[in-house]
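*Asks:* Take this structure first; my questions come after.
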Amino acid sequence: MSSIGSLPFIIETTKAESPVLLSRKNKNRDKFSFFTCRTKKSHNLAVFNYGFSPKSKPVRATVEEGASGDESEDALQASIEKSKKVLAMQRDLLQQIAERRKMVSSIKSSIIDSEVDEVPSEQSEDSSPNQDHTSSSGQGVHEKQNGSILWKNYVHSTADEVPETSSLDISKGYDDDEREPEQQLPPKKASSHEDSSKQLKVTGSEKVWSDKLPSFLSNTSEISTTNEKQENVNEPILPEINNIDNDPATEDILPPPLAGANVMNVIVVAAECAPWSKTGGLGDVAGSLPKALARRGHRVMVVAPRYGNYAEPQDIGVRKRYKVDGQDIEVTFFQTYIDGVDFVFIDSHVFCHIEGNIYGGSRLDILKRMALFCKAAVEVPWHVPCGGICYGDGNLVFIANDWHTALLPVYLKAYYRDNGLMKFTRSILVIHNIAHQGRGPVDDFFHVDLPEHYIDLFKLHDPVGGEHFNIFAAGLKAADRVVTVSHGYSWELKTSEGGWGLHNIIKENDWKFSGIVNGIDTKEWNPLFDVHLTSDGYTNYSLETLHTGKPQCKAALQKELGLPVRPDVPMIGFIGRLDQQKGVDLIAEAVPWMVGQDVQLVMLGTGRQDLEQMLRQFENQHHDKIRGWVGFSVKMAHRITAGSDVLLMPSRFEPCGLNQLYAMMYGTIPVVHAVGGLRDTVQPFDPFNESGLGWTFDGAEANKLIHALGNCLFTYREYKKSWEGLQRRGMTQDLSWDHAAEKYEEVLVAAKYQW
Numbered sequence: 001m002s003s004i005g006s007l008p009f010i011i012e013t014t015k016a017e018s019p020v021l022l023s024r025k026n027k028n029r030d031k032f033s034f035f036t037c038r039t040k041k042s043h044n045l046a047v048f049n050y051g052f053s054p055k056s057k058p059v060r061a062t063v064e065e066g067a068s069g070d071e072s073e074d075a076l077q078a079s080i081e082k083s084k085k086v087l088a089m090q091r092d093l094l095q096q097i098a099e100r101r102k103m104v105s106s107i108k109s110s111i112i113d114s115e116v117d118e119v120p121s122e123q124s125e126d127s128s129p130n131q132d133h134t135s136s137s138g139q140g141v142h143e144k145q146n147g148s149i150l151w152k153n154y155v156h157s158t159a160d161e162v163p164e165t166s167s168l169d170i171s172k173g174y175d176d177d178e179r180e181p182e183q184q185l186p187p188k189k190a191s192s193h194e195d196s197s198k199q200l201k202v203t204g205s206e207k208v209w210s211d212k213l214p215s216f217l218s219n220t221s222e223i224s225t226t227n228e229k230q231e232n233v234n235e236p237i238l239p240e241i242n243n244i245d246n247d248p249a250t251e252d253i254l255p256p257p258l259a260g261a262n263v264m265n266v267i268v269v270a271a272e273c274a275p276w277s278k279t280g281g282l283g284d285v286a287g288s289l290p291k292a293l294a295r296r297g298h299r300v301m302v303v304a305p306r307y308g309n310y311a312e313p314q315d316i317g318v319r320k321r322y323k324v325d326g327q328d329i330e331v332t333f334f335q336t337y338i339d340g341v342d343f344v345f346i347d348s349h350v351f352c353h354i355e356g357n358i359y360g361g362s363r364l365d366i367l368k369r370m371a372l373f374c375k376a377a378v379e380v381p382w383h384v385p386c387g388g389i390c391y392g393d394g395n396l397v398f399i400a401n402d403w404h405t406a407l408l409p410v411y412l413k414a415y416y417r418d419n420g421l422m423k424f425t426r427s428i429l430v431i432h433n434i435a436h437q438g439r440g441p442v443d444d445f446f447h448v449d450l451p452e453h454y455i456d457l458f459k460l461h462d463p464v465g466g467e468h469f470n471i472f473a474a475g476l477k478a479a480d481r482v483v484t485v486s487h488g489y490s491w492e493l494k495t496s497e498g499g500w501g502l503h504n505i506i507k508e509n510d511w512k513f514s515g516i517v518n519g520i521d522t523k524e525w526n527p528l529f530d531v532h533l534t535s536d537g538y539t540n541y542s543l544e545t546l547h548t549g550k551p552q553c554k555a556a557l558q559k560e561l562g563l564p565v566r567p568d569v570p571m572i573g574f575i576g577r578l579d580q581q582k583g584v585d586l587i588a589e590a591v592p593w594m595v596g597q598d599v600q601l602v603m604l605g606t607g608r609q610d611l612e613q614m615l616r617q618f619e620n621q622h623h624d625k626i627r628g629w630v631g632f633s634v635k636m637a638h639r640i641t642a643g644s645d646v647l648l649m650p651s652r653f654e655p656c657g658l659n660q661l662y663a664m665m666y667g668t669i670p671v672v673h674a675v676g677g678l679r680d681t682v683q684p685f686d687p688f689n690e691s692g693l694g695w696t697f698d699g700a701e702a703n704k705l706i707h708a709l710g711n712c713l714f715t716y717r718e719y720k721k722s723w724e725g726l727q728r729r730g731m732t733q734d735l736s737w738d739h740a741a742e743k744y745e746e747v748l749v750a751a752k753y754q755w
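Last residue of the sequence shown? That's 755 in the UniProt record's numbering, and every number before it is there in order.
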């Protein structure tokens, strides 16, 4: 019995002819004994970082020429030990070839049913199904994190080019020179035949490393050798390789990920994440986009502050200290796994007791909180094991969101990439609302703990306020790619009005920019499954039951709000913050006109106190037609969306907007100001060819809002078929995050591989 590392092996020798010749140098030994090996036990499963696997390098061995007596036996024993590694490598390679061929056979049989019964006659009962290395290593690596997909994906992507050989001649050698690892490039369909036909050259007892192994072998050889199961000691290797079972029914093969060969490690960093913390659309994005990326095959993590005692995340026992403004602050990491995504929360005393106002406090307090958060977030892939495995920096892309995390691309560059670390890690910055930029006096730079020469990234000249410190400006310059939450908003940011002082920087970095419209959670916002429509007279409905379900929800809403139950009167809804950006003042100017049109208006929101008081005043003056709900209620937001006929969104600027997407899913017609994401998502109604999704108006003026709303109400009353067409087109759109995730994937690839 011998051992390699910690794995004991039983070695058997036979004098059978073998194509595996360890040496041609010893002329007295015309052929070499063929060795078979098996693991006696399978222990010490290795834990691997699937984001990056260094190339496995085979050991070459020979028997010294001219040895005699005991020295010859010792040399023979040494070559036996080393040849086992060569044989293991050969076996793993051919097993991977077998798995590829099985996958190809499975795909062909699923397309052409007639080929299912035409299994090649060379298959036999002696064929042993190939080991599923990912399942056998499940104790060390949980499948839920898509780790296995990261290495299996590339193997599958080159399946059609696998050579049809069943044995590997290792009498020829690789080049002996070592090379530095090159920068990662986009996976290509390179010929695996050329690589696998390379052969090992027998040398002395020295170890020779090769950089010409096929990439699929370098990614999987270590896994396979540490996860072999017990086999029959007398089972030969070649029969197992030659008798490959191509029957797809013998193995449950996972489908390739939707991401194809571009599977990555993705870490989304945000100051809020629904359902744990949310003040607006940012929380929804951080809670939904990662799940859609995970469904495409990526390994995804979300990092957010821990503002409260959340039920699901658990303390994983990792503590770290970070210096912020000269003070050491300890953080603790909490983690949970939901819907294919690792959610990691950073806990510290600076995040406690602000759950009700997560952006509250003085300017410096907020700045220090975000600096601590970004410092900890950029090191999460090294310190937080998710399912036993840290993400590491291999094939890693950070997605930062808004100014709160715009320091992360800067820290990544200053602390790591400038020092030769995380050289191939990339960062993407998403702009949700550029009006908030993390501005302050230039002296604020000394609170973020960066080298002095980095101050130029933060300096920005304002014609009104002069030179100042701007975190968003630094993030835009340091990030590898920038995403805005709609195409329209991306264009508006380049104007002096829409760029809020950053338009020149945005125009200089225009090549980085992409516009991607947000998706919605089609499980939560779906009238057929909405949990808030199951009581109090409401009902779930779909496109097929729209004509009965929506009127029932409308009547239930009128009853709940104390309005007259009238099915003929148009009900107009508004949901949003009560501030100038949302155009509430335009609605206020249009209220006298609306009251004269025999409509009902319900408004839900909170914000400026004067606007909250205005809502109460409108309700008191027009008690039979207007209701103002001051505050925010998720349940009432769902019910207003379902029960209203029309949704108003007269925002002065709207980077993306979600309420108009929710409304269309529920058969509610939006009337919007054509800005930002509202312009992208609501195509104007054209009565001549029966197209469009709602009504839009240009210019933040009350008379233009009245004109658009007047056309909408006229269509509602006079052209029922056109109205039903608007509802049908809105409800049949693909508004899911899956579509948006595909677009984000294109940006991930651009950030990773393009310069």
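No residue lacks a Cβ here, since even glycine has one placed at the ideal position from N, Cα and C. In this text, all values refer to a predicted model and were calculated from it rather than measured experimentally.
To the nearest angstrom, report how far apart V442 and A270 are at their CA atoms.
*Replies:* Distance between the alpha carbons of V442 and A270: 25 Å.
*Asks:* Between which residues of its own chain and F714 is the CB-CB distance below 6 Å, once the five residues before and five after are set aside?
*Replies:* For F714, where only same-chain residues beyond five positions count, there are no Cβ hits under 6 Å.
*Asks:* Below 8 Å on the Cβ atoms is my contact criterion, and I expect L693 with G667 to pass it. Report the Cβ-Cβ distance as a whole number of Å.
*Replies:* The pair is not a contact, with the Cβ atoms about 11 Å apart (cut-off 8 Å).
*Asks:* Could you give the residue range of the alpha helix (DSSP H) that holds W382?
*Replies:* Here the alpha helix (DSSP H) through W382 covers R363 to H383.
*Asks:* What span of residues does the alpha helix (DSSP H) with H739 cover, start to end?
*Replies:* It spans W737 to Y753 - the alpha helix (DSSP H) in which H739 sits, taken as one unbroken run.
*Asks:* Taking just the CA atoms, how far does I434 sit from D734?
*Replies:* Between D734 and I434, the C-alpha separation is close to 27 Å.
*Asks:* Over the uninterrupted beta strand (DSSP E) stretch that includes E330, give me the two end residues.
*Replies:* E330 -> beta strand (DSSP E) spans Q327 to I338.
*Asks:* Taking its Cβ as the centre, do 16 or more other Cβ atoms sit within 10 Å of K423, making it buried, or is it exposed?
*Replies:* K423 comes out exposed.
*Asks:* Say whether the stretch 513 to 529 touches the stretch 604 to 622, bearing in mind that this needs 3 or more beta-carbon pairs closer than 8 Å, one atom from each stretch.
*Replies:* The answer is no - the stretch 604 to 622 does not touch the stretch 513 to 529, with fewer than three Cβ pairs under 8 Å.
*Asks:* Closest to F351 by CA distance: which of I338, D339 and D365 is it?
*Replies:* Minimum Cα distance to F351 is reached at D365.
*Asks:* Going by beta carbon distance, what residues of the same chain come within less than 7 Å of A588, once the five residues before and after it are set aside?
*Replies:* Excluding positions up to five away in sequence, the list reads M614.
*Asks:* Exposed or buried, H681, counting other C-beta atoms within 10 Å across all chains shown (16 or more means buried)?
*Replies:* Looking at the sequence itself, residue 681 is Thr, so the reference to His does not match. The residue is buried, with at least 16 neighbouring Cβ atoms inside 10 Å.
*Asks:* Is it a yes or a no for the stretch 376 to 388 touching the stretch 310 to 330, going by three-plus beta-carbon pairs under 8 Å?
*Replies:* At 8 Å Cβ cutoff, the stretches touch.
*Asks:* Establish whether the CB of C374 and some CB of chain E are separated by less than 7 Å.
*Replies:* Absent from the structure: chain E. Only one protein chain is present.
*Asks:* Can you give me the start and stop residues for the beta strand (DSSP E) that V629 sits inside?
*Replies:* It should be noted that the sequence gives Trp, not Val, for residue 629. I626 to V630 is the extent of the beta strand (DSSP E) around W629.
*Asks:* Could you give the C-beta distance for A590 and I706, rounded to a whole number, given that I count them as a contact under 8 Å?
*Replies:* That belief holds up - the Cβ atoms of A590 and I706 are roughly 5 Å apart, short of 8 Å.
*Asks:* Any contact of the stretch 275 to 289 with the stretch 320 to 334, i.e. 3+ C-beta pairs under 8 Å?
*Replies:* They do not touch, by the three-pair rule.
*Asks:* Measure the C-alpha to C-alpha separation of V266 and R296 and round it to an integer number of angstroms.
*Replies:* Straight-line Cα distance between these residues: approximately 12 Å.
*Asks:* Among L94, R728 and V747, which has the Cα closest to the Cα of T545?
*Replies:* Ranking L94, R728 and V747 by Cα distance to T545 puts R728 first.
*Asks:* Could you tell me whether the Cβ atoms of residue 779 and V569 are closer together than 7 Å?
*Replies:* In the structure as shown, the chain begins at 1 and stops at 755. Residue 779 is therefore absent and cannot be evaluated.
*Asks:* Is it true that the CB of F398 sits closer than 7 Å to the CB of P305?
*Replies:* No, the Cβ-Cβ distance between P305 and F398 is not below 7 Å.
*Asks:* Out of I572, N401, A637 and T696, which has the shortest C-alpha to C-alpha gap to S644?
*Replies:* Out of I572, N401, A637 and T696, I572 has the C-alpha closest to the C-alpha of S644.
*Asks:* Would you say D449 and T425 are within 7 Å of each other, going by their C-beta atoms?
*Replies:* Result no, Cβ atoms of D449 and T425 do not sit closer than 7 Å.
*Asks:* Quick check on the DSSP output: the beta strand (DSSP E) that includes M649 runs from which residue to which?
*Replies:* First-last of the beta strand (DSSP E) with M649: V646 to M649.
*Asks:* Bridge partners of G440, per DSSP?
*Replies:* F469, per the DSSP bridge assignment.
*Asks:* So what does DSSP say about residue 767, is it helix, strand or coil?
*Replies:* Because residue 767 is not part of the residues shown, which for the chain are 1 to 755, the question remains open.
*Asks:* Determine the direct distance from the alpha carbon of E492 to that of P564, and round the result to whole angstroms.
*Replies:* About 43 Å.
*Asks:* Would you tell me roughly how many angstroms separate the C-alpha atoms of K459 and D92, rounded to the nearest one?
*Replies:* Answer to the nearest angstrom: the Cα atoms are 56 Å apart.
*Asks:* Give a yes or no on whether the C-beta atoms belonging to Q437 and W403 are separated by under 7 Å.
*Replies:* Against a cut-off of 7 Å, the Cβ pair of W403 and Q437 comes out as a contact.
*Asks:* So what does DSSP say about M571, is it helix, strand or coil?
*Replies:* DSSP places M571 in strand when its eight states are reduced to three.
*Asks:* Across the stretch 501 to 521 and the stretch 743 to 750, are there enough close Cβ pairs to call them in contact, namely three or more that are closer than 8 Å?
*Replies:* Yes, the stretch 501 to 521 is in contact with the stretch 743 to 750.
*Asks:* Quick check on this structure: which residue in R439, S490, H461 and Y416 has the alpha carbon closest to the alpha carbon of I431?
*Replies:* Comparing Cα positions, the closest option is S490.
*Asks:* How long is the line joining the alpha carbons of R577 and T484, rounded to whole angstroms?
*Replies:* Straight-line Cα distance between these residues: approximately 21 Å.
*Asks:* Rounding to the nearest angstrom, what Cα-Cα distance links T539 and R299 in this structure?
*Replies:* Roughly 38 Å separates the two Cα atoms.
*Asks:* Kindly indicate the opening and closing residues of the beta strand (DSSP E) around M603.
*Replies:* Where M603 is concerned, the enclosing beta strand (DSSP E) stretches over Q600 to G605.
*Asks:* Between R627 and G583, is the Cβ-Cβ spacing less than 7 Å?
*Replies:* Against a cut-off of 7 Å, the Cβ pair of G583 and R627 comes out as no contact.
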